[in-house]
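A short worksheet on the structure shown next.
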Amino acid sequence: MLHELRVRDFALIDRLTVGFGPGLNAITGETGSGKSLIVTALELLGGARPRGGVGIWVRAGAERAVLEASFDVPRPTDPTHAAVSAWFERHLPELDGERWSEDGELLVVRVLDGGGRSRARVQGLSVTVAALGELVRELLEVNGQFEQRAVNEPTRQTAWFDEIADRRAADTATGRTVRKGSDPGGSSIADALTVYVAAREDWLGRRAERLALEERARERDGRATFLRIALEELEALDPRGGEGSELRRERELLRQSEQVVGDLGATAGALSEGEDPLISQVAVVADRVARWANAADPLHQVAESLSTGLLHLEDAAARLVSFLGGVESDPQRLEQVEVRLAALERAARRHGLDVDRLALHVEALRTEADELDDLDGARERLRRDESVALARVEDAARELTERRRERAGTLTEMVQPLLDRLGLAQARLDVCFTERGAVGGAVGGALGGGDDAEDGEADGARRFGPTGVEDVTLSWSPNPGEPARPLAHIASGGEAARVFLALRCAATGAVFGEAPRAAGPRRSTGAEPDLDTASLRTHTLVFDEVDAAVGGRLAPKVAECLAALARGGQVLTVTHQPAIAARADRHLAVVKRTRDGRTSAQAVVLEGSARLSEIAAMVGGSGRSATARAEAERLLACGGVRRARAGTEEARGGAPHGVASQSAANRTAANQTGASTGDASAPAEALRSGRRPAKTATRPADANANSNGGGRSTSAQDGTRPKTGSPALDPASASASTAPVPTRAPSPRASTARRGSRPSSRKSA
Numbered sequence: 010m011l012h013e014l015r016v017r018d019f020a021l022i023d024r025l026t027v028g029f030g031p032g033l034n035a036i037t038g039e040t041g042s043g044k045s046l047i048v049t050a051l052e053l054l055g056g057a058r059p060r061g062g063v064g065i066w067v068r069a070g071a072e073r074a075v076l077e078a079s080f081d082v083p084r085p086t087d088p089t090h091a092a093v094s095a096w097f098e099r100h101l102p103e104l105d106g107e108r109w110s111e112d113g114e115l116l117v118v119r120v121l122d123g124g125g126r127s128r129a130r131v132q133g134l135s136v137t138v139a140a141l142g143e144l145v146r147e148l149l150e151v152n153g154q155f156e157q158r159a160v161n162e163p164t165r166q167t168a169w170f171d172e173i174a175d176r177r178a179a180d181t182a183t184g185r186t187v188r189k190g191s192d193p194g195g196s197s198i199a200d201a202l203t204v205y206v207a208a209r210e211d212w213l214g215r216r217a218e219r220l221a222l223e224e225r226a227r228e229r230d231g232r233a234t235f236l237r238i239a240l241e242e243l244e245a246l247d248p249r250g251g252e253g254s255e256l257r258r259e260r261e262l263l264r265q266s267e268q269v270v271g272d273l274g275a276t277a278g279a280l281s282e283g284e285d286p287l288i289s290q291v292a293v294v295a296d297r298v299a300r301w302a303n304a305a306d307p308l309h310q311v312a313e314s315l316s317t318g319l320l321h322l323e324d325a326a327a328r329l330v331s332f333l334g335g336v337e338s339d340p341q342r343l344e345q346v347e348v349r350l351a352a353l354e355r356a357a358r359r360h361g362l363d364v365d366r367l368a369l370h371v372e373a374l375r376t377e378a379d380e381l382d383d384l385d386g387a388r389e390r391l392r393r394d395e396s397v398a399l400a401r402v403e404d405a406a407r408e409l410t411e412r413r414r415e416r417a418g419t420l421t422e423m424v425q426p427l428l429d430r431l432g433l434a435q436a437r438l439d440v441c442f443t444e445r446g447a448v449g450g451a452v453g454g455a456l457g458g459g460d461d462a463e464d465g466e467a468d469g470a471r472r473f474g475p476t477g478v479e480d481v482t483l484s485w486s487p488n489p490g491e492p493a494r495p496l497a498h499i500a501s502g503g504e505a506a507r508v509f510l511a512l513r514c515a516a517t518g519a520v521f522g523e524a525p526r527a528a529g530p531r532r533s534t535g536a537e538p539d540l541d542t543a544s545l546r547t548h549t550l551v552f553d554e555v556d557a558a559v560g561g562r563l564a565p566k567v568a569e570c571l572a573a574l575a576r577g578g579q580v581l582t583v584t585h586q587p588a589i590a591a592r593a594d595r596h597l598a599v600v601k602r603t604r605d606g607r608t609s610a611q612a613v614v615l616e617g618s619a620r621l622s623e624i625a626a627m628v629g630g631s632g633r634s635a636t637a638r639a640e641a642e643r644l645l646a647c648g649g650v651r652r653a654r655a656g657t658e659e660a661r662g663g664a665p666h667g668v669a670s671q672s673a674a675n676r677t678a679a680n681q682t683g684a685s686t687g688d689a690s691a692p693a694e695a696l697r698s699g700r701r702p703a704k705t706a707t708r709p710a711d712a713n714a715n716s717n718g719g720g721r722s723t724s725a726q727d728g729t730r731p732k733t734g735s736p737a738l739d740p741a742s743a744s745a746s747t748a749p750v751p752t753r754a755p756s757p758r759a760s761t762a763r764r765g766s767r768p769s770s771r772k773s774a
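FYI, in the numbering used here the residues of the sequence shown are 10 to 774.
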């Protein structure tokens, strides 16, 4: 679960801390106030590329933007825990095993530099941005406005079908209430897809190898002629490895022979010839020291050094004399060396090589010539290998198709009751499978030849797509008696948004409300699920204005859908609908404020009269009319009853993963605290008017609560952070605003001493 988000110098945000709790968290505010910046920050933590580049998201005048999020560690029974542990084994092995979870929280940071660079950290250690995104996506699913529109894309429709169909199989395996006889049995679609993808990648690799060989075969005649001419030239030249370097050194000596003989001859004479050569002088000195060598150990060592040096001098003199005996001015040899070197250099330039590598190049050309001679045999071997690989792809594709078609009605069975509850009782959502191409064309193209080979190759590549040989298309009939057509072609914005929500509920197993009974005959889906709506996997869902195309009449139904998704887990939603805000377990308002000529976005937690005023403003303009306030009171009362009913059902059925009971406790405490606020001014309204918001206690009194001034969570100036928060950002700015962090139960692993054991993971960027 996402516990806290801290943002600094990001777009309109100066400094912002937002605490989130279990259940449904609603984020409201006027258009342009910066609500979606919270979603964008979470998207960037999930590894998304900043739209327009990194630099434009850094607040004007700042060097960098810092995004930090603190997550609760998933329970060991949650599949997410295993996925996160596997991530640490791959990317941060120094924290593998259970060391990453010792503190009871998981801290992730992304830094956007004004210069365009982006950096990331997990638990205080540097990782790549891609690795950060991989981890955060295990904990958080962001459904931005683009993802909601993607409900019309065939690739997304296929992925959602597979996910929902596997969800039904998982429900059956765990004993969840499903339609009798609807269990398709067998392994999951995901397993079949994994086998298919591996087989397809192997086939594509072998296919690419064969196509490259086919291209070489078409160029064989010209290439063979080139190889024959090149080998004739180079074999006649017969280069040796390193020959170029040897010839260059010899040429230099021959060109400078007179100077070399003069200089080195004088040196040799000084060493060993003349009346008083250097070697003789050293010998006399060595003899003098040797006579006294036994008098003291240091003298013995000096005598040995002089004796050794004398031997080296004599050897050097002998080598110089020997070398000079072979050096003489030889114009004929110099000409031979220059002619040979010029021939080697011309050949090296023609082949784009260094002279010393010509010998290796000759061997490579001989090998290629031999391969061309055996090209037909190699092509036949590759065709046989590709045929075997293609057969595996076809088998895997056939298995994948069978599993999908066995479960063709699963999506309709699971989604239709949800659509009924979202006000689409008369509509029908069906699944159609669209084949990518004919089997014969793909196989013939992959293995055959002739005039149709090129077309066949394209058919084969098109048929075996990344997700199988068929696409899942959602067809939509909005009214009885009308033929079903592709959802992307005829669904309105509001219909598409509700279909999207229904698909997400079906994928997570969430159900809600009572199905309306439509007039006239109604098909029985047999999928009236129970109230245990928690997902097998708990993670945070984020929605950005999923209700944008939904009117006020249907907003309560959308609110119930979001609440069902949040039951036993956590949902964050940006909304303009008062019904959704009233249904939320936690309500945050984002406002813009201008101070000293700078605009910044701030957030406050709303409770009591402050929340009533905000919802009344959402209902009708200023929110001061009696009608608007009465409607806001009705919505809040209705939302409270539904939350209480959901809490009772969760308590009766047992909250999955132990999350719902914590949510209910937090809600009870929040209601008690909110009641104590009386008629205090609404923080959101105060901020809009330029006043400092009243400090409102938002947490129950707790000996372990780290509160400061009515629930405003702060951090020490030295960069440390409170136990319930992520690393501190400097709170010195007068425009800073903090949405208090809900109290969470300490991890059984966590202790104060251990929290101080890894200071590197506590520092703010």
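The beta carbon of each residue, even a glycine, is placed where N, CA and C say it ideally should be. All values derive from a computational prediction rather than experimental measurement.
For this session: On the DSSP bridge assignment, give the partners of VAL600 in chain order.
Result: As a first step, residue 600 must be located in the sequence shown, where it is residue number 591. Answer by DSSP bridge pairing, in chain order: GLN611.
For this session: Would you identify the three-state DSSP class for PRO307, choosing helix, strand or coil?
Result: Counting from 1 along the sequence shown, the entry for residue 307 is found at position 298. Looking at PRO307 - three-state DSSP - the assignment turns out to be helix.
Exercise. In three-state terms, what does DSSP make of GLN579?
Worked result: The residue labelled residue 579 in the question sits at position 570 within the sequence shown. Reduced to three states, the DSSP call for GLN579 is strand.
For this session: Hey, could you find the ends of the beta strand (DSSP E) TRP212 is sitting in?
Result: The residue you call residue 212 lines up with position 203 of the sequence shown. Note, TRP212: premise wrong, no beta strand (DSSP E); alpha helix (DSSP H) at 198-227.
For this session: Use the C-beta contact count for HIS498: other C-beta atoms within 10 angstroms, 16 or more gives buried, fewer gives exposed.
Result: As a working note, residue 498 is residue 489 in the sequence shown. By the 10 Å Cβ count, HIS498 comes out exposed.
Problem set entry | Contiguous beta strand (DSSP E) assignments of at least 3 residues, all confined to the region 44-110 | 73-81
Problem set entry | Own chain residues within Cβ distance below 6 angstroms of VAL311, not counting five before or after | For the purposes of this step, residue 311 is taken as the residue at position 302 of the sequence shown. Counting only Cβ-Cβ distances below 6 angstroms, and skipping sequence neighbours, we find VAL298.
Exercise. Within this structure, are the beta carbons of ARG209 and PHE473 separated by less than 9 angstroms?
Worked result: For the purposes of this step, residue 209 is taken as residue 200 along the sequence shown, with counting starting at 1. For the purposes of this step, residue 473 is taken as residue 464 along the sequence shown, with counting starting at 1. Result yes, Cβ atoms of ARG209 and PHE473 sit closer than 9 angstroms.
Problem set entry | Whole-Å CB distance - SER127 paired with VAL63, under 8 angstroms assumed | Translated into positions along the sequence shown, residue 127 becomes position 118. Translated into positions along the sequence shown, residue 63 becomes position 54. The Cβ separation is near 5 angstroms, so the contact holds.
Problem set entry | Cβ neighbours of LEU308 in the same chain (closer than 8 angstroms, five flanking residues each side left out) | For this step, residue 308 is matched to residue 299 along the sequence shown. Only VAL298, TRP301, ALA302 meet the Cβ criterion.
Exercise. With a cut-off of 8 angstroms, do at least 3 Cβ pairs link the region 44-51 to the region 98-109?
Worked result: no
Exercise. Can you pull the DSSP bridge partners for LEU121?
Worked result: Within the sequence shown, numbered from 1, the residue matching residue 121 stands at position 112. DSSP output for LEU121 lists ALA74, SER127 as bridge partner(s).
Exercise. In whole angstroms, what is the alpha-carbon distance linking ILE36 and ALA598?
Worked result: Numbered from 1 along the sequence shown, position 27 holds the residue referred to as residue 36. Numbered from 1 along the sequence shown, position 589 holds the residue referred to as residue 598. Each residue's alpha carbon lies about 6 angstroms from the other.
Problem set entry | THR476 and LEU202 closer than 9 angstroms at C-beta | As a working mapping, residue 476 is identified with position 467 in the sequence shown. As a working mapping, residue 202 is identified with position 193 in the sequence shown. Cβ distance < 9 angstroms, so THR476 and LEU202 count as in contact.
Problem set entry | alpha helix (DSSP H) segment containing SER618, residue limits | The sequence position of residue 618 within the sequence shown is 609, counting from 1. First-last of the alpha helix (DSSP H) with SER618: 617-628.
For this session: Would you check if there are 3 or more beta carbon pairs closer than 8 angstroms linking the region 599-618 to the region 49-60?
Result: no
Problem set entry | Sufficient close CB pairs (3 or more, under 8 angstroms) joining the region 20-39 to the region 83-93 | no
Exercise. Which term fits VAL559, buried or exposed, when burial requires 16 or more other beta carbons within 10 angstroms of its beta carbon?
Worked result: Here residue 559 refers to the residue found at position 550 when the sequence shown is read from its first residue. Counting Cβ neighbours within 10 Å, VAL559 comes out buried, since at least 16 surround it.
Problem set entry | Identity of the residue in ALA417, THR517, GLY318 nearest VAL294 by Cα | Here residue 294 corresponds to residue number 285 of the sequence shown, with the count starting at 1. It is GLY318 whose Cα lies nearest to the Cα of VAL294.
Exercise. Cα separation between SER316 and ALA325?
Worked result: Within the sequence shown, residue 316 is the residue found at index 307, counting from 1. Within the sequence shown, residue 325 is the residue found at index 316, counting from 1. Answer to the nearest angstrom: the Cα atoms are 15 angstroms apart.
Exercise. Taking DSSP as the reference, what is the three-state secondary structure of ARG15?
Worked result: Reading the sequence shown from its first residue, position 6 is the one you call residue 15. It is a strand residue.
Problem set entry | Buried versus exposed call for GLN265 [16 or more other C-beta atoms within 10 Å across all chains shown] | Position 256 of the sequence shown, counting from 1, holds the residue named residue 265. Result: exposed.
Exercise. For the alpha helix (DSSP H) that GLU395 lies in, which residues bound it at each end?
Worked result: For the purposes of this step, residue 395 is taken as residue 386 along the sequence shown, with counting starting at 1. Element bounds for GLU395: 384-415.
For this session: Can you tell me which of the three DSSP states PRO665 falls into?
Result: Working through the sequence shown from its first residue, we reach residue 665 at position 656. Bear in mind that the predicted position of PRO665 carries a pLDDT of just 39, short of 50, making it unreliable; the figure below should be weighed with that in mind. PRO665 falls in the helix class under three-state DSSP.
Exercise. What distance in whole Å lies between the Cβ atoms of SER622 and GLY629, which are believed to be in contact at a cut-off of 8 angstroms?
Worked result: Translated into the one-based positions of the sequence shown, residue 629 becomes position 620. Translated into the one-based positions of the sequence shown, residue 622 becomes position 613. With a Cβ gap of about 12 angstroms, GLY629 and SER622 do not count as contacting.
Exercise. Straight-line CA distance for ALA493 to PRO487?
Worked result: As a working note, residue 493 is residue 484 in the sequence shown. As a working note, residue 487 is residue 478 in the sequence shown. Their Cα atoms are separated by approximately 8 angstroms.
Problem set entry | From ARG15, GLY61, ARG24, GLU72, residue whose alpha carbon lies closest to that of ALA78 | One-based indexing of the sequence shown puts residue 78 at position 69. Minimum Cα distance to ALA78 is reached at ARG15.
For this session: Could you tell me if PRO340 is buried or exposed, where buried requires 16 or more neighbouring beta carbons within 10 angstroms of its beta carbon?
Result: On the sequence shown, position 331 is the one that residue 340 refers to. So PRO340 counts as exposed.
Problem set entry | Residue nearest to GLU344 in terms of C-alpha spacing, selected from ALA292, LEU256, VAL206, GLY518 | Against the sequence shown, residue 344 aligns to sequence position 335. Considering only alpha carbons, the answer is LEU256.
Exercise. Run through DSSP, which three-state label would GLU6 get?
Worked result: Since the first residue shown for the chain is 10 and the last is 774, residue 6 is missing from the structure and cannot be characterised.
Exercise. Ordered along the chain, which non-local residues of its own chain (more than five positions away) have a Cβ less than 7 angstroms from that of ALA519?
Worked result: Counting from 1 along the sequence shown, the entry for residue 519 is found at position 510. Hits under 7 angstroms: THR542, ALA573, LEU574, ARG576.
Problem set entry | Assigned secondary structure, ALA691 (DSSP; H/G/I helix, E/B strand, else coil) | For this step, residue 691 is matched to residue 682 along the sequence shown. Caution applies to ALA691, whose pLDDT of 44 falls short of 50 and renders its modelled position unreliable; the value that the coordinates give is listed next. Note: ALA691 maps to coil in three-state DSSP.
Problem set entry | Supposed close pair ALA564, LEU645 - CB separation, criterion 8 angstroms | Counting from 1 along the sequence shown, the entry for residue 564 is found at position 555. Counting from 1 along the sequence shown, the entry for residue 645 is found at position 636. With a Cβ gap of about 14 angstroms, ALA564 and LEU645 do not count as contacting.
For this session: Quickly, what does DSSP pair PRO495 with across the bridge? List them, please.
Result: Taking the first residue of the sequence shown as 1, we reach residue 495 at position 486. DSSP, once it has assigned bridges, lists SER484 as partnering PRO495.
Problem set entry | Residue from VAL120, GLY56, GLY113, GLY38 whose Cα sits closest to the Cα of ARG68 | Mapped onto the sequence shown, residue 68 falls at position 59. Closest option to ARG68, Cα to Cα, is VAL120.
Problem set entry | Simplified DSSP state of ASP605, which is helix, strand or coil | By one-based count along the sequence shown, residue 605 stands at place 596. In the structure shown, ASP605 sits in coil (DSSP, three-state: anything other than H, G, I, E or B).
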